[in-house]
Amino acid sequence: MKFTFFLFLIFVQGVSLKAQNNPCACCEPAFRQFDFWIGEWEVKDTSG
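In this note's numbering, the protein residues as written are 13 to 60.
Okay, here's the thing in structure tokens:
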């Protein structure tokens with residue numbers, strides 16, 4: 013019983029540490045590649 017409880021504590025601690033160390037997913041440079049698209053846009057349909 014103590015062994016099972018010990019394994020459970022190790023598992024819970026590992027999961028909580030992993031959840032706390034998640035970096036910002038959109039903070040990487042790859043997510044900034046299309047920032048040049050931001051600006052003024054003039055959208056027209058096929059009829060002008």
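Glycine included, every Cβ here is placed at the ideal spot set by N, Cα and C.
CA-to-CA distance, residue j to residue i, given in whole angstroms
i	j	result
Ile-50	Arg-44	11 Å
Asp-47	Pro-41	11 Å
Phe-20	Lys-14	10 Å
Lys-56	Ile-22	60 Å
Backbone secondary structure at residue i - three-state DSSP
i	result
Thr-58	coil
Ala-42	helix
Trp-53	coil
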